[in-house]
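Participant: Residue numbers (the numbering used here): 7 to 558. Built from N, CA and C at the ideal position, the CB exists for glycine as well. Sharing a structure below in structure tokens format, with a few things to ask.
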Ligand code: VG1
Ligand code: CO
């Protein structure tokens, strides 16, 4: 695409030959390959639409940073110059442009910004051949709602030009205050405010005593954004040995890895904990620091269970000692937390996938903790999921209870029963095949009730729809559910964060009461349901894949 430019005082208006028509944000922001973002004017088009749509840009303060992936610094430079052209009074940016998603959420709230732009494709790989992304958060610090992203998308489709100023690239090496035209650029240390918040929530002295004792920990930052945060927290403040942090240096391509903290992509860490004997606790975070994986010696904590455990033990953390207002989980997340909430006598909400749906409940004070099966856990301290927060919360519980992670899981299941859970992802499926499978299964749903599935009767089936309890907005088409008589269920969804073809996610859940067998391999406990959904949805035939690309 070519473009022509004309200058008006300091502002340059660059005309687009034709608008981009593919800038529809997904589950969390606009996520595309780095190559797509490198097309002339592509990033600029989206940023223009954001700056035209976000309330309060004139004279407002914006928080800006990213996970350090390839394209981060170029995008920061473009957004600063466009922000100046659009009349922002201030942009707060962090040294090196390194800013985790939860730290950004905190800064937006603390500095009363109009919102923030976070440059990240989260857990997707980075580099010239990887992915890039732009996430836009609002004044509450959380992901902007669907109504906002829809408006941005509409704007991109008819955009004729964008406004930008000329300015040399700023060095982000050290904190300081600069200006671009009338706009102030404040460069701050991105770790300070976040760490201060964590110190308010948890008992650092107590956790430090644990870590200085015989409690070797391995934290894998996956060469992504959490390295500097983890070093400050675990090594400098809590006294863990320096080599506790693995892959702690943020790299533009994440060292060629896939910064997704699960058993497949954080395989080295998983092996250390699940097969070795050197560590008692392991954790990893994703590209932008909002996801977490928790491991104990020979013990993997399923994220749905993690939310339930944090809820059941919340009173052990200073910040949550006075009780929880309520909890929420995304629909595909297991009901493990529901059982705990019931016992505590607090509300438990079920929302569609994606953190933005928790925002209203958090803002309204209806919930304190929330989480997703996709390794996301968080609380009302920010409006994003928070990987390091979850790790600290686990350490807080371990510091008080003085037992192993496996002990915590076993005692939890003995008290509440166990929700066997697994997610099967079929990645990079040709889009037609994935949509064909999904549409066909949706068509089958009404006829399924009363039929047998995995030896049990199907008692319900639908495409999940959500009415927000706070603003009554309705969100439809959030995933196909097949509900069985014993409370087991299968959910099938199409991912909204992939960039290659389509990703089919199959979520499987089955409950065993505390009197049942609590120690099976989930793949075995769920085997009947796995084979039933595979044949019902014709997964192998339609995807051409013998097995899922990722099993959690
Ligand atoms: C995935 C997860 C979802 C999460 C989203 C963003 O979305 O399933 O639970 O909120 O990623 O996470 P999808 O549509 O691909 O299933 V992140 O770490 O990218 O902010
Ligand atoms: Co993320």
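Put residue 161 into one of helix, strand or coil per three-state DSSP.
Facilitator: The answer is helix: DSSP assigns residue 161 an H, G or I state.
Participant: Could you tell me if the beta carbon of residue 359 falls within a distance shorter than 6 Å of some heavy atom in the ligand VG1?
Facilitator: Answer for residue 359: yes, Cβ within range of the ligand VG1.
Participant: Cβ of residue 342 within 7 Å of Cβ of residue 392?
Facilitator: The answer is no: Cβ separation not under 7 Å.
Participant: Got a sec? Which residues, its chain only, sit under 8 Å from residue 549 by beta carbon, not counting five neighbours each side?
Facilitator: 432, 435, 439, 440, 443 and 510, listed in sequence order.
Participant: Skipping 5 residues on each side, what residues in its chain have a beta carbon closer than 7 Å to that of residue 8?
Facilitator: In this prediction, residue 8 has a pLDDT of 42, which is less than 50 and means its spatial position is unreliable; what the coordinates show is noted afterwards. Hits under 7 Å: 23.
Participant: Residue 298 lies in the beta strand (DSSP E); which residues open and close that run?
Facilitator: Unbroken beta strand (DSSP E) run through residue 298: 298 to 302.
Participant: According to the Cβ coordinates, are residue 285 and residue 222 closer than 7 Å?
Facilitator: Taking 7 Å as the Cβ cut-off, residue 285 and residue 222 qualify as a contacting pair.
Participant: Apart from the five residues on each side of it in sequence, which residues of its chain come closer than 7 Å, Cβ to Cβ, to residue 10?
Facilitator: At residue 10 the pLDDT is 47, less than 50, meaning the model places this residue with poor confidence; the figure from the coordinates comes in the next sentence. Same-chain partners within the cutoff: 21.
Participant: Give me the DSSP bridge partner(s) of residue 194.
Facilitator: Answer is 100.
Participant: Determine which residues share a DSSP beta bridge with residue 143 and list them.
Facilitator: DSSP, once it has assigned bridges, lists 122 and 149 as partnering residue 143.
Participant: Using a threshold of 7 Å, state whether the C-beta atoms of residue 25 and residue 164 are closer than that.
Facilitator: Contact: yes.
Participant: What residues in its chain sit with their C-beta under 8 Å from that of residue 487, if we drop five residues either side in the sequence?
Facilitator: Cβ neighbours of residue 487 beyond the five flanking positions: 337, 466, 467, 468, 469, 470, 495, 496 and 497.
Participant: How big is the Cα-Cα spacing for residue 455 and residue 137?
Facilitator: Near 41 Å, if we compare the C-alpha coordinates of residue 137 and residue 455.
Participant: Can you tell me where the beta strand (DSSP E) holding residue 547 begins and where it ends?
Facilitator: Unbroken run through residue 547 is the alpha helix (DSSP H), 545 to 549; no beta strand (DSSP E).
Participant: Are there 16 or more other CB atoms within 10 angstroms of the CB of residue 220, so buried, or fewer, so exposed?
Facilitator: Exposed, since its Cβ has fewer than 16 Cβ neighbours within 10 Å.
Participant: Quick one: is the Cβ of residue 297 within less than 6 Å of any heavy atom of the ligand VG1?
Facilitator: Because some heavy atom of the ligand VG1 lies under 6 Å away, the Cβ of residue 297 counts as near it: yes.
Participant: Whole angstroms is fine: what's the gap from residue 131's alpha carbon to residue 276's?
Facilitator: Computed Cα separation, rounded: 19 Å.
Participant: Beta-carbon within less than 6 Å of residue 345's beta-carbon, same chain only, minus the 5 sequence neighbours each way: which residues are those?
Facilitator: Taken in chain order, the residues that qualify are 422.
Participant: Indicate the three-state DSSP secondary structure (helix, strand or coil) for residue 4 in the structure shown.
Facilitator: There is simply no residue 4 to check, as the chain begins at 7 and stops at 558 in what is shown.
Participant: State the CB to CB distance for the pair residue 291 and residue 298, rounded to an integer number of angstroms; the pair is presumed to be in contact (CB under 8 Å).
Facilitator: Their Cβ separation, rounded to whole angstroms, is 6 Å, which keeps residue 291 and residue 298 in contact under 8 Å.
Participant: Would you mind giving the Cβ-Cβ distance between residue 425 and residue 349, rounded to the nearest angstrom? I have them listed as a contact below 8 Å.
Facilitator: In fact, because the Cβ distance is near 14 Å, the residues do not count as touching under 8 Å.
Participant: Applying the 10 Å Cβ sphere with the 16-neighbour rule, what's the burial state of residue 530?
Facilitator: Exposed is the call here.
Participant: In its own chain, which residues sit with a C-beta less than 8 Å from the C-beta of residue 373, not counting the 5 before and 5 after it?
Facilitator: The answer, listed in chain order, is 330, 331, 332, 333, 334, 353, 355, 364, 367 and 386.
Participant: How is the alpha helix (DSSP H) around residue 402 delimited, first residue to last?
Facilitator: Residue 402 -> alpha helix (DSSP H) spans 393 to 407.
Participant: Would you identify the three-state DSSP class for residue 420, choosing helix, strand or coil?
Facilitator: Residue 420 falls in the helix class under three-state DSSP.
Participant: Check the DSSP bridge columns for residue 383 and list the partner residues they point to.
Facilitator: Partner(s): 377.
Participant: Kindly indicate the opening and closing residues of the alpha helix (DSSP H) around residue 110.
Facilitator: Element bounds for residue 110: 107 to 116.
Participant: Is DSSP giving residue 427 helix, strand or coil here?
Facilitator: Three-state DSSP puts residue 427 in a strand.
Participant: Let me make sure I understand the geometry here. Which of 490, 482, 113 and 447 has the alpha-carbon closest to that of residue 6?
Facilitator: Nothing in the structure corresponds to residue 6, since the chain is present only between 7 and 558.
Participant: Tell me whether the beta-carbon of residue 100 lies closer than 7 Å to the beta-carbon of residue 121.
Facilitator: It is not a contact, given that the beta carbons lie outside the stated cut-off.
Participant: Can you give me the start and stop residues for the beta strand (DSSP E) that residue 72 sits inside?
Facilitator: Residue 72 -> beta strand (DSSP E) spans 67 to 72.
Participant: Hey, would you say residue 17 sits closer than 7 Å to residue 169, going by beta carbons?
Facilitator: Yes, the Cβ-Cβ distance between residue 17 and residue 169 is below 7 Å.
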